[in-house]
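Report on the structure given below.
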Amino acid sequence: MKEFYISDGWYWFLIAAIVCYFIGCFNFAVLISHFKKKDIREIGSGNPGTMNMTRTFGMKIGVLNFFCDVIKGGVPALAGYFIFKDYVFAGTEVLVSDFARYFFGVFVIIGHIFPVTLKFKGGKGIASTLGMFVFALSCEKWWYFPVLVVFHFAILFYIAVTEWGSMGSLLGVSLLTIWQTALIISRYSSNLLNGWIISIFCILAFVNVLTWTAHRKNIFRLLAGEEHHTSVIKRKKIR
């Protein structure tokens, strides 16, 4: 492994943060809805995300939008892993790729939720966050990928049974965060107070703060018993 000196290579992370943020700003829901001669921001909940796209245009369009956002969140995380996979932070045994993949990913999520291109009013970041975790966790071991596919079907089943789309989405993000946190703890159990390890934990926690905060209205409605049901079995298109 090569040593990476942050004092010499800090600008790589600055460039990555800017590039990933603007990747996040690209909103597929707005683009796809324009192809359908509508503006998703003026329909339904007004949120340019997967759930509103599904309610508005049906399951096929919703799934298309979901996978586009998954790839948007996942590819930058994957890039962070491969760019830095042969490096450790100087003076430590901490893999730079463990930090970089989530550093790259979190800026995509920030761009998705607060896009400068849409006056800082974007989606809620769930699909992009799930994509980040799928790609980042699959870097650990290749067989995590099929496990993650099954995991996502389990979340979809939960949403289908409860019809609580927002809670199912947040549950998925939280469980994946716990999974990755457990792997980091296992890998660096003897060095958990290292600054870079703490930084990884902070990024993972911040991802949850972003997604849960973006869903704050859904959570309040859920607690008040007023949350909209999200059926994935039958979907009436809004024309």
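Each step along the sequence shown adds one to the number in the working numbering, with nothing skipped, and position 226 is 724.
The beta carbon of each residue, even a glycine, is placed where N, CA and C say it ideally should be.
Given the structure is predicted, the values throughout are model-derived calculations rather than measurements.
Relative to the Cα of Gly-629, the nearest Cα in the group Leu-646, Ile-541, Ile-538 and Trp-694 belongs to Leu-646. DSSP places Lys-558 in the helix class (H, G or I) of the three-state scheme.
Contact between Ala-515 and Ala-575 does not hold, since the beta-carbon distance rounds to 13 Å and is not under 8 Å. Nearest neighbour of Ile-611 by Cα position, chosen from Phe-502, Trp-510, Ile-701 and Gly-522, turns out to be Gly-522. For Leu-529 and Gly-621, the gap between their C-alpha atoms comes out near 13 Å. Ser-626 sits close to Val-606, with the two beta carbons spaced by under 8 Å. Here Gly-572 is near Val-632, since their CB atoms are less than 8 Å apart. Distance from the CA atom of Leu-562 to the CA atom of Gly-663, rounded to whole angstroms, is 17 Å.
For Tyr-519, no beta strand (DSSP E) segment is defined; the enclosing uninterrupted segment is the alpha helix (DSSP H) at 504-523. Of the candidates Glu-638, Met-551 and Ala-577, the residue whose Cα lies closest to the Cα of His-532 is Met-551. In the structure shown, Lys-570 falls within a helical segment according to DSSP collapsed to helix, strand and coil. Contact between the segment 584-604 and the segment 691-707 is present, with at least three C-beta pairs closer than 8 Å. Listed as beta-bridge partners of Glu-501 by DSSP are Val-586. Per DSSP, the beta-bridge partners of Leu-593 are Val-586. Around the beta-carbon of Phe-651, fewer than 16 other beta-carbon atoms lie within 10 Å, marking it exposed.
Annotation for Arg-719: the continuous alpha helix (DSSP H) segment containing it runs 714-721.
Apart from the 5 residues on each side of it in sequence, Gly-666 sits with its Cβ closer than 6 Å to the Cβ of Ile-653, Tyr-656 and Ile-657 in its chain, given in chain order. Straight across, the Cα-Cα distance linking Ala-722 with Asn-525 is about 31 Å.
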